[in-house]
Structure formats: structure tokens, C-alpha cells
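One structure is given below, encoded as C-alpha cells.
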Amino acid sequence: MNFVVGILFSGIAMIILILIPWVGVGAFDLRLVFGIIVPYLALATFFVGIVLRVINWARSPVPFRIPTTAGQQWSLPWIKPNRIDNPKGTGGVVVRMIFEVLLFRSLFRNTRLEFRKGPKITYEWEKWLWLAALVFHYSFLVIFLRHFRFFLDPVPAFIHILERLDGFLQMGPLPVSGLGVPEVYITDMLLLLALLYLFLRRLYVHQTRYISLPADYFPLFLLLTLGLTGVLMRYFLRVDLTAVKELAIGLVKFHPKVPEGIGVIFYIHLFMLCTLIAYFPFSKLVHMAGIFLSPTRNLSNNSRFVRHINPWNYPVKVHTYEEYEDEFRDKMIEAGLPVEKMPEKAEEGAGAKEEEEKKE
Amino acid sequence: MSDLPKPEDLAKVKHLPPIWKGWMRTPVEIRSGIYCYGSKPANLEYVGMPNPREWSPVDEDWKLPDNWKQIFLDGLRERLEKFRSLKIFMDICVRCGACADKCHFFIGSGDPRNMPVLRAELLRSIYRKEYTTAGKILGRFAGAREMTYQVLKELWYYFFQCTECRRCSLFCPYGIDTAEITILGRELLNLLGLNTDWISAPVANCYRTGNHLGIQPHAYKDMIDFFVDDIEEITGVRLNPSFNRKGAEILFITPSGDVFADPGTYTCMGYLMLFHYLENLGLDLTWSTFASEGGNFGYFTSHEMAKRLNAKMYAEAKRLGVKWILGGECGHMWRVINQYMDTFNGPADFLEEPVSPITGTKFENAKTTKMVHITEFTADLIKQNKLKLDPSRNDNLVVTFHDSCNPARGMGLLEEPRYIIKNTCNHFYEMPDTTIREQTFCCGSGAGLNAGENMELRMRGGLPRANAVKYVHEKYGVNMMACICAIDRAALPTLMEYWVPEVGITGVHELVGNALILEGEKERKTDLRGEPLPGMEEEEEEENV
Amino acid sequence: MYDAGKIIVGLIIGIGLLLFPFYYNAGKAAKAPEPQLTPKAKEAKVCVAETSYMKTSHMHLLERWRQEVVRGGERYYTASNGKVYYKSVEETCLDCHSNKSKFCDQCHDYMRISPYCWDCHIAPKETK
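Right under this line is the structure:
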């Protein structure tokens, strides 16, 4: 499968997904389905899916302590250990995980291979992937939180503050009369830019183009559509926001109702969101939960001073010293090496092979 | 080795994967120079591994049991249930590509399947087909594919092109560790008798004789006695190491490579001299012919085999009644000791918490494993001023240090060896930051890939390391690279000869051996290699005349 | 090693955060905003544009008016029914909708929007 097939496949899937609510609401007025039933199903799928996924992961043990150590270990008192990148205890692990989850520490290490003739091989500065990833995730978080104003009544102050900060430029979407309001959210623009970059990078970088699956393009397209419909709705194809809020509040209060007069664009936006959250637990997007369980990051490097228990540790067949000595006794004696049994005694014991079994 | 291309030809690497043809559609070609020979039946039989038979990876028919597919898939299911790491790593990769150009094999070969992400996708595609709904329904469109004979060959070919060095895992935003995937992938292949003989022969040897090279007890002692003679010739001091001695305080275990082949042997001489020096200060140490291997090729076979071979360390310590264990310079040996040994074969409650008999330093970081790394031990001695050292005896060397993958990324042993080098040498230069410490590059021959028949692969995989050495060689005149790994000492000389012929390889304790001033020694004219010491070149020539 | 406890705690925290809107609103009466028309507005029957347009886009109309008046000096607006209005918040809009708290604020408060109209314009005095 080359990238064209991958993009086409995801693109067509995307078009179908856009058409479903468009036709459903636009032509058949199935507002109940797309306003209430689908959102509830998607929410249920998301929560049940995520819980089951995490429980499924948790059911497998972590038999060995395999952190990737990215700094000096704790050893002699006068050698300065790297307590974060090579944590010796829970505190260090917590800090390491915070760095990973909130700042994408490992991705920050990224370099780019430069392979020139000679060969001259160097590893160049490359933080764009890190930056785009960080911008995307934080923009998404802010946008997600901003949307709480549709779900919460009264709207808490922190949502309001976030919104004011996000729109502090007080700049309209277009410098044209009548498009000077509402103020553009910085995160809206950053999100779309970051997604666009991540998509173009996937195509432009030879390696990622080669490894990308439809499952990599699809979430990007889905998020782009989600973002674009949101932007369209806020700035161009405006809908009655109080009606939208009535619908949203109705959903979270389990008194669902579908108010009149919300444009189709809203149902498309909502359907994209529903697709995203329903798709979440079954796709690579579960990295949101998975990162917390990654054994190379969430374990301390303490297995030399705190014993790590493997719950399925089982006794194995080993070659015992007795068997070894039985085979080489004569040569050992000849070489002056100490032995457990002298030859005449060994005769009796030779048959009784004991296998040393270790019990947990 | 004869058909190994010239360096200038091998260095022409294209990192451009095919644009139009996807990897699932590109059949794998098992190339000579890249693959290792298949395991011989006797070596599998000896340790009771499945499907022993004569086979060759280039044969059409690999002589597998009829139900090979079932065995493989059942094995995968079992491992998913046993290893959370595998489940997580199968599920959460987003294919961001951060790992892609971090792998030394990809850098040196340009083969896109050597991108860590794609190496993992080889197995992930099977996982998706078997365990995910999308994979079952959408097939290739969901990145899933059927397990076929061709796929099996592909898995084999590429899981034996990974040295489990974990460099990719360092850069992965989720910490996905290709080493873990390779280890488990190799376990699955071993269920079908698909190991390489370069791994299965040492495993069988180690099981029987206690070491990978199959050195029998009397020969092991002979070899060390030979070093004792050499040391006497160079220093005039006669050492008296002990073997299998009950009641000693410390058991010393090092890779058998140190006993067997240059330049590891010089490192071994360094250990011997250090131990002799410390005897007067209260060191009571014994070697063992049974626990005569620090390394663990079982680890390149399966977790179970790793445990089976590792067991003899504690078993021998218990039999001899020692208090704790000192471990030599070795890479994967220390990954196993640090991250697996106590879990595998502990608790070692018959041992005591290690304390240096010379300095009284408690090695608290080895409290339960009861095993101390020799560079920790020696660094402590130097810090406490217990060693008389003459670094000028290493003045002919301009040294750099190669962090071995496992002590770096599976342990974090970074400063200890550097401290020793800086105290035993006057000329030390680091390679560029992106190629050392946690970002270090593999020698290209780890995880059982240091055979002769896959020389092209080794030279390709070692290119990033060699390139960094070349840089310091040209900039600072570096002529010696120190390392703390027996596979490095076996593999890097060949690598250097190919890419940077002017640079030699040494263990850290060879440098110690050269610098250490033994009591009652005569004026040394040569180093441990028998080469004239700095300032002694002329005398040497005169003697020769 | 399973760390089941830690995972369950983590899961509960994670899910708990995501479910925040569900329990935040619980028990509170959901009141949809009910903007009220003054008698004068009722009498007028129509605004300067259709109600549905005014609901979603009044701010755009106002912003356009502002541009046209301040930058272009055009003070008259012809509605689709041909009626001409004087472009002024205070003199035209607030003439009918003189009940800011019962009209404007209803929805703005519901959505917690604080339009900057009132940074310059003086809110009408309401008889309570």
C-alpha cells in the first residue's frame, strides 16, 4: 500500500462520514439520531472502550523491570545521579512521567540524520515534530476545555478566563467589514496549522511516508474536519449557540432534547466528534492512556536494590554444578582444581542427578 | 568475508524507501552477508529447544512442523498475556517516525525494514490480524496481514538484524522498546527452532561448560595461568589467582571472551593485576570455572533460556559460600544482572550486602542483587586513593570511550568508567554528544550478531559508531577506544579495521593494568600487549638488535 | 507485578475528569434563556432583519454598522423589506430593546459571553 492509497482510503472514509449527518439531518431531519442517540452511543463506546482497554493491559503483568535509563544511575555517593532520566524511586518516576506526558520529553530529544558523502554522518537539530505535537495537543486541550461552556451552567470562571486569554488578540477572522467578530481563538489557528504540518510532514519525510497507514491519515483528517467545521461554524456559518447549549446541557443532564433551528454544520461537527471519541479506544489514539503504562518509562531503575517480582516466574531446568563436575571431574583434578567429590565416591552419586528447582 | 564490499562502496547508503510500492507488497530477500547461519540440531537438542534439524535460512523449505502457524500464534497470545510491555507496544505506536533514523542498522543499510517502527510493524501487522476487529475486517487497510511462510521468514530476517540496543526506545515518545519486541519475537521464532547458530552454539556451550566458548575447567585455568606468565614477564610480579575456592569473600564473574581473545585478554590481565594488588589490602576473591561466563546468549534466545543460563551465578556463589559477586566488563551481562537476575533467580538471601573490603564502601545500589560492577568497584578504589597509578604509561594512547548500549540504556553506568579512564590516562576525548552516553551507538554486532557470515550487516550497523570515532580520530588524534563490553572488544576491532584502521580497542581495566604500579614490580618496558611503553621505544629496539 | 491499585486510581481520576460536566450540572435546574421583548419591540413585530438571522448573527450586523458608520460615515441601513433604519446601537437597537438585563444578558450570561459593546456604549437605564 503506498501513501496515495492510504490517503484515498482515509479520505473517502472521511467524505462518507461527513455525508452521513449531512444527508441524515439535512435531507431526512434525523436530528434525534444525530443530536442524541449517536452522541450517547459514542460516549458509551468511549468510556467502556477505554476502561476495557486499560483493564486488558492491566491484566498482563510487568514481569521485568525494564526502564530505559537515560542518564547516570545512582551508585557511588560522589557520582551525581540523574534522578529524573534514571529514577531510583517513585519521586523520580513521577517527575519523569510528568515530563513525558506534559512536555513530551523523549520527543524533545529528537534529531535528524544527515548522511553525506564520505560518509559524513551527523545528527542535526530537529524540534519541529516535538513543537507541532506539543502545539497540537495543547491547542486541542484548550479547545476541549473551552467547549465546556456548552456543557456547564453556570460557566465556571476558569473556562471564561481561558476563553478570554485564547481570544486576547481581539482579531476577527477576516479584515472585512462584518467579519471582525467574534474574536479569533489562537488555539483554533494553531490546531489547524499543527495538524496541517503533521499531515504534510507525514508525506514529505521519506520514512514516515513509507510507514504511514490509513490509520495514520484518518485521525488527522478527522481532527482537521472537526476543527474546520468548528471554525466554519464559529466564524462563517453561524448557528444559534443558545440552542446548541440547550442540546449539550440536555445530554449531560440526561434530559436530552433537540432544539429547533441548529444548522446542519453543527450536526456534522458533532458527528465528527462522536466518530473521534468512538474511534479512540480502538485506535492508536489510546496512546493517551497507554503512555502511563509504558514500562520503559514508568518504572524506577531500582532492580539491583529492590527485588522486582515476576508473578509467573517458574522453575526452569538448569545444568547444576554436580552435573558439571561429574562430566569434568578427572580433568579438574588433573588441573589441580578443587572438586566436591573424589572419583571413587563419585561413582555412587553420579546416577542421582538432581535438578535444582527454584521456588518463588 | 571475502565478498564484503569496500568501505567506500558500502558507505553509499540510500535512505529513500520505495515511493510507490508499500512494504507489505515487497517480498523479503534473504541476502548473504546479512543473515547468520541457522542453528545446528545438536545445539538445540542439548538444551531441549524445539525442532532441532539441519536447515539453512536460504533454503526454500525451513523444515517446520506442520502446525507452525498455530505454534507461533499461540506463542504470541501467551506472551501478550505475560508481558504488558508487548500489549502496550502493539497498541500505542502512532508511527510518528521519531525512531526511524535512530537505528544504526537503518543508518548503515538504508533498508526501510530496519527502521525500528517498521521492525515492530512486522509483528504488529500479525497482531492486528489476529486480535483487532479492524484488522480482521479491513486487512491491509488497517495495517494487518496474514501470517504466512514469507512473513515468518521476514520476521526471522529482521529480528536477527536488531541488536536490542534500545536507542530507538530513548527517542520514542511512548518509550516503545524495539529490544523488547525483538526479544519476544525471537522467543516466538525459537518455538519453531529458528535460531542462529551463532547464538545457539554459545547457549549449548554455556549450559554445558559454564561459558559460551565451551572452555572446559582445566583449559580455563590454563588460559588464566598463561596470562599470569605474561604478566610476570612484563612486570616481574608473579600472581596467584584462585579458582572455585570455597569460603572466599567475593566471586568474580566475567565474560569468557575476556579469557579467550584479544584484546579482551588484556582486560582480563588488568583484572588479575588489580586483584593481586588488592590482595595485600584485604581482597579475598576467587574465580570460577563453572560460573565462567558473565554474558548470556540465552537472553538472545528467550527469557527462559536467559534465566536457565543466569542461574549458575547465584548457584555458584551459594556453593562457594561467598559474600557477594563482582562482575566484569560486559554489556548485555549487565542488562541481565541489573534488570532481570534478581527477578529470575533471586532472592539471593544467602549473600550479604556488598561492601568493598578495601574501602569499606557499601554498595547500596546492589543491596538485593549482591552483584557489583567492576567499574563501580574500581572507581571507588581510585576515589579513596587506594591505587597507585601511573597514567603516563598510557601516554601513547589518545583515548575515547564507547558507551555500550546495555550499560548505558539498561543501567545508566556512564560516569564510573569515565572516572577510571581519566585517572589512568592523560589523553581522553569524548565523541560527539549525540553518539555517547544514553544516545550511544551500538557496535553493530550485539545481541548475538557478531558472527563472521553477516559481516556486511555488522559493518553497516557499526557505521554510525565508526563515523563518530573517525571524527575524534581526525580532530584529536584518538587512537584507542575504550569500552566495557566483551562483545565490543570482539566486534569493534574488526569494525575499526574496516572503517577507521588507525584506532584500536581496549577494555577499561587494560588501562588500569597498564597504569597500576604493583608492589615489587620491575621497570616495565612494554604495556600488556607487549608493545613498548612511551619513552621505551628505543630501548626496545636496542634489545631487539 | 501488576500495580492494579495504581492503575485503577489512575483510571478513576482520568474518567472522573472527563465526566466532569455530568456531575457538575447534576441537580441544577437547566434553564434555557428566555429573552423578553419590551412592549415596543412586540409592537414593531420585525427587527432590522429576520429573527433567525438576528439570533445567530446580530454581532456581525453590529460590527458592520460600526465599520460603515465610523469609517464610511454611512448612517442609513435599508432592510430587506425596504424600511430604512438609522445605524445606531443606542438610538435604534436599544430603542426597542431597552431591557438589557432581560434581553441581551439572557443569552450572553447563559453562554458567559462578555461582548465589548458596553466598553463604549452606555447601557440603557432600566426601570426595575
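Chains as they are written, first to last, in numbering that gives the first Met the number 0: chain A, 0 to 359; chain B, 0 to 544; chain C, 0 to 127.
For glycine and all other residues, C-beta sits at the position ideal for the given N, C-alpha and C.
Predicted model, so just to flag it, every value in this text is computed and none were measured.
Residue i to residue j span [Cα, whole Å]
i	j	result
B:Ile182	A:Thr228	46 angstroms
B:Ser391	B:Pro533	8 angstroms
A:Tyr313	B:Lys306	10 angstroms
A:Ala132	A:Phe198	11 angstroms
A:Tyr234	A:Pro181	7 angstroms
B:Met268	B:Met454	29 angstroms
A:Asp329	B:Phe242	16 angstroms
C:His96	A:Ile261	24 angstroms
A:Leu42	B:Cys329	53 angstroms
A:Arg52	C:Gly13	14 angstroms
C:Cys103	C:Arg74	23 angstroms
A:Phe103	A:Asp187	21 angstroms
A:Ile276	A:Asp215	16 angstroms
B:Ile516	B:Phe400	23 angstroms
B:Gly134	B:Ala143	5 angstroms
A:Leu195	A:Leu221	12 angstroms
A:Phe98	A:Pro86	13 angstroms
Partner residues on chain B for residue i, Cβ-Cβ distance less than 7 angstroms
i	result
A:Thr67	Arg165, Ser168, Leu169, Gly174, Asp176 and Arg408
A:Phe63	Gln338, Tyr339 and Thr342
Interface partners of residue i on chain C, CB under 9 angstroms
i	result
A:Pro310	Met0 and Tyr1
Start and end residues, alpha helix (DSSP H) containing residue i
i	result
B:Ala371	Per the sequence shown, residue 371 of chain B should be read as Val rather than Ala. First-last for B:Val371: Met370 to His372, but that is the beta strand (DSSP E), not the alpha helix (DSSP H).
B:Met304	His302 to Leu319
B:Thr162	Premise fails: B:Thr162 is in no alpha helix (DSSP H) and is neither H nor E.
Proximity test, Cβ basis, 8 angstroms: residue i and chain B
i	result
A:Ser138	no
A:Ala43	no
A:Phe135	no
A:Ala349	Model confidence at A:Ala349 stands at a pLDDT of 46, short of 50, so the residue's coordinates are unreliable; what they give is reported in the following sentence. False, the Cβ-Cβ gap to chain B never drops below 8 angstroms.
A:Asp215	yes
A:Lys330	yes
8 angstroms Cβ cutoff, residue i in contact with chain A
i	result
B:Arg30	no
C:Arg74	no
C:Ile6	yes
B:Thr433	yes
B:Leu284	no
B:Ser291	no
C:Ala31	yes
B:Leu117	yes
Interface partners of residue i on chain C, CB under 7 angstroms
i	result
A:Phe291	Gly9
A:Arg148	Met110 and Arg111
A:Glu245	Ala31
Proximity test, Cβ basis, 8 angstroms: residue i and chain C
i	result
A:Phe46	yes
A:Val50	yes
A:Lys119	no
A:Glu343	no
A:His286	no
A:Pro60	yes
A:Val204	no
Chain A contact residues for residue i, given Cβ-Cβ distances below 7 angstroms
i	result
C:Asn24	Leu151, Asp152, Ile248, Val251 and Lys252
Amino acids of chain B, ordered along the chain, whose beta-carbon sits closer than 8 angstroms to that of residue i
i	result
A:Arg303	Ile336, Asn337, Asp341, Asn364, Ala365, Lys366, Thr367, Thr368 and Met370
A:Pro337	Phe242, Asn243, Arg244 and Lys245
Contact set between residue i and chain B, taken where Cβ atoms lie within less than 9 angstroms
i	result
A:Phe198	Near A:Phe198 there are no residues of chain B at all, since even the closest Cβ is about 13 angstroms away, more than 9 angstroms.
A:Ser105	Ala97, Ser168, Leu169, Phe170, Cys171, Pro172, Tyr173 and Gly174
N- and C-terminal bounds of the beta strand (DSSP E) containing residue i
i	result
B:His401	Val398 to His401
B:Phe251	Ile249 to Ile252
Per-residue contacts from residue i into chain A (C-beta, under 9 angstroms)
i	result
C:Lys27	Asp152, Pro153 and Lys252
Interface residues of the region 66-87 of chain A facing chain B [CB-CB below 9 angstroms]: Pro66, Thr67, Thr68, Ala69, Gly70, Gln71, Gln72, Trp73, Ser74, Leu75, Pro76, Trp77, Ile78, Lys79, Pro80, Asn81, Asp84, Asn85 and Lys87
Residues of the region 38-65 of chain C whose Cβ lies closer than 7 angstroms to any Cβ of chain A, in chain order: Taking 7 angstroms as the Cβ-Cβ cut-off against chain A, the residues of the region 38-65 of chain C that qualify are Ser51, Lys54, Thr55, Ser56, Met58, His59, Glu62 and Arg63.
Under 7 angstroms (Cβ pairs) to chain C, residues found in the region 229-240 of chain A: Arg237, Val238, Asp239 and Leu240
Residues within the region 139-162 of chain B neighbouring chain A, beta-carbon criterion of under 8 angstroms: Arg139, Phe140, Ala141 and Gly142
Residues from the region 63-96 of chain B in contact with chain A, defined by Cβ distance under 7 angstroms: If the cut-off is 7 angstroms between Cβ atoms, the region 63-96 of chain B has Leu79, Glu80, Lys81, Phe82, Arg83, Ser84, Lys86, Ile87, Asp90, Ile91, Cys92, Val93, Arg94, Cys95 and Gly96 near chain A.
Residues of the region 2-20 of chain A with Cβ closer than 7 angstroms to any Cβ of chain B, in chain order: Phe8
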